[in-house]
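For reference, the structure is listed below as structure tokens.
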């Protein structure tokens, strides 16, 4: 028993960090959502007022929610498609595949802030895209991309897809690596062409990877802040507002910390649901059972 | 990684097509970055006037740090802050997670299962939701604009993931070595530090490499905690270029180049590690 106690001390630093900076803040966030607080005065208990206001009288909340879901779904689909195609092509082992893999994963490592600042210039009125259209005599397609409420969100999604296609690619490649070569060998001996191999063997066997990457990508898209904040700050006129930017603005622009916490709570709840999916998918259950 | 060599791909035409498609995407991915580098060597007017052309000459004025300082964008300070935060965060993270992971993997810890499940669940927590309480925590301690306000949370946020990865690694660590050390009289702590860790440096450095990118590029918390210009990390500092009424494209391009060069160098050195870590971390085969 004493030995067990001594051994548990190995976990003490981790426990302290986690309780102090994750668990306790979650509880505080939940608590704060039931209060009104402006950052200087005392907390004022107002029960479910914040929730009621956000769900019934805040149209920007629903706009942000819609945008957030749209962003998460669109970027997941886009990134996954690109990642899958790239992975399939690279897994074929053509000459120079290492170079391609290297290049495609590079944007993933870059700062979203730096990339966004770059793309602001690309999307600018006299930026790369419009100039390119000019050269192609397609001036009619000229737009102030990030300033047009109809296109702004799609432009933001595009930046994410551009940056993270390589991330999905790596996941698929890893999944493909796990597939036993024997399967391909016997398929080849049975006369399967490469295309057949891909569609009938590779893709089905990647089912698990699909689910994992979809889950991860959705949750990351759901809480995205950096990209949106730097590209458009939620504008124009809230057209690209997402939950994370809403929360930031409620908290640090207008100092309605209690109200902002409601969004925080929502994000934690949604993440929890996704986590449950994730745990089941990655087979951690088996690992837990092994203990 | 790829199992088929080029002679396995149908006709040479198909082979060429594949390479063509891949090259197109390489251009799509690299051109913006290439354009960034090119533009940084043009004076602001030329950037906008001749947007596609190669720079007429290597205009180095954009890289003049004094110009940055005049705009109150003190790049060298931001770089310094980012380095400090990353270094300390990774150090604390390593110590804390190695201890915890070893405990879970090899020692008789009370309620191992609970911890693993807890770490798994915590991994999915959107730290954005914790922004306000953590901000308030450091405000009360008067530690706003202090690197500790970032170092401690960054460490905490990455502990679950790091512990999970390391405990998986430690579980496969040969018990014979540990037993031998114990028989020779090592305490559990000594065994860990003098026997296990030196051998496990590969896995440990992998964890550091994986987490470095996230910490270096972190934006939200840095934005919230670091208000004073002297305290900002790189991502936050770069925001100084946004919202200016008259944007100077030249210097901004140069600043962005300076900002992403450390990341690019890091990537050049560690890309294999990164790729392996990302896939291993999430796909439990």
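Residue numbers (the working numbering), protein chains in the order written: chain U, 5 to 295; chain G, 3 to 287. All C-beta atoms, glycine included, are put in the ideal place defined by N, C-alpha and C. Note that the coordinates shown come from a computational prediction; the quantities given were computed from them, not determined experimentally.
In the DSSP assignment, residue 48 of chain U is bridged to U/40. Three or more Cβ pairs drawn from the stretch 113–131 of chain G and the stretch 262–278 of chain U lie within less than 8 Å of each other, which places the two stretches in contact.
By the criterion of a C-beta distance shorter than 8 Å, residue 67 of chain G is surrounded in its chain by 77 and 78, once the five residues flanking it on both sides are discounted. Taking the C-beta atoms as reference points, residue 254 of chain G is found no nearer than 8 Å to residue 270 of chain G.
With 16 or more other Cβ atoms from the protein chains shown falling within 10 Å of its own Cβ, residue 118 of chain U counts as buried. Ranked by Cα distance from residue 239 of chain U, the options U/20, U/88, U/64 and U/45 are led by U/64. Neighbours of residue 108 of chain U in chain G, taken as residues at a C-beta separation under 8 Å, are given in chain order as 27, 28 and 31. Excluding sequence positions up to five before and after residue 201 of chain U, its CB lies within less than 8 Å of the CB of 188, 191 and 192, all in the same chain and listed in chain order.
Note that the stretch 227–237 of chain G touches the stretch 80–89 of chain G; at least 3 beta-carbon pairs, one per stretch, sit closer than 8 Å. Looking from the CA of residue 120 of chain U, the closest CA among U/161, U/140 and U/57 belongs to U/161. In chain order, 71, 156, 157, 160, 232, 236 and 238 place their CB closer than 7 Å to the CB of residue 244 of chain U, counting only its own chain and leaving out the 5 sequence neighbours on each side.
With a cutoff of 8 Å on beta-carbon distance, residue 40 of chain U and residue 53 of chain G are scored as not near each other. Its chain contains 83, 86 and 87 as the residues whose beta carbon lies nearer than 6 Å to that of residue 169 of chain U, once the 5 sequence neighbours on both sides are disregarded; these appear in chain order.
Taking 7 Å as the Cβ-Cβ cut-off, the stretch 113–128 of chain G approaches chain U at 114, 115, 117, 118, 119, 122, 123, 124, 126, 127 and 128, given in chain order. Cβ neighbours of residue 215 of chain G within its own chain (closer than 8 Å, five residues either side excluded): 265, 268 and 276. Here the alpha carbon of residue 17 of chain G sits roughly 27 Å from the alpha carbon of residue 81 of chain U. Comparing alpha-carbon positions, the option among U/211, U/59, U/62 and U/35 lying closest to residue 50 of chain U turns out to be U/35. In this structure, DSSP gives residue 152 of chain U a state outside helix and strand, which the three-state scheme calls coil. DSSP, reduced to helix, strand and coil, places residue 173 of chain G within a helical segment of the structure shown.
Boundaries cannot be given for residue 205 of chain U, as no alpha helix (DSSP H) includes it and DSSP labels it neither H nor E. Counting along the chain, the unbroken alpha helix (DSSP H) around residue 83 of chain G starts and ends at 77–108.
At a cut-off of 8 Å between beta carbons, residue 43 of chain G makes no contact with chain U. Residue 90 of chain G and residue 101 of chain G have their alpha carbons spaced roughly 17 Å apart.
Nearest CB-CB separation between residue 194 of chain U and chain G: not below the 8 Å threshold. Look at the stretch 47–89 of chain U and you find these whole runs of alpha helix (DSSP H), each 4 residues long or longer: 53–61.
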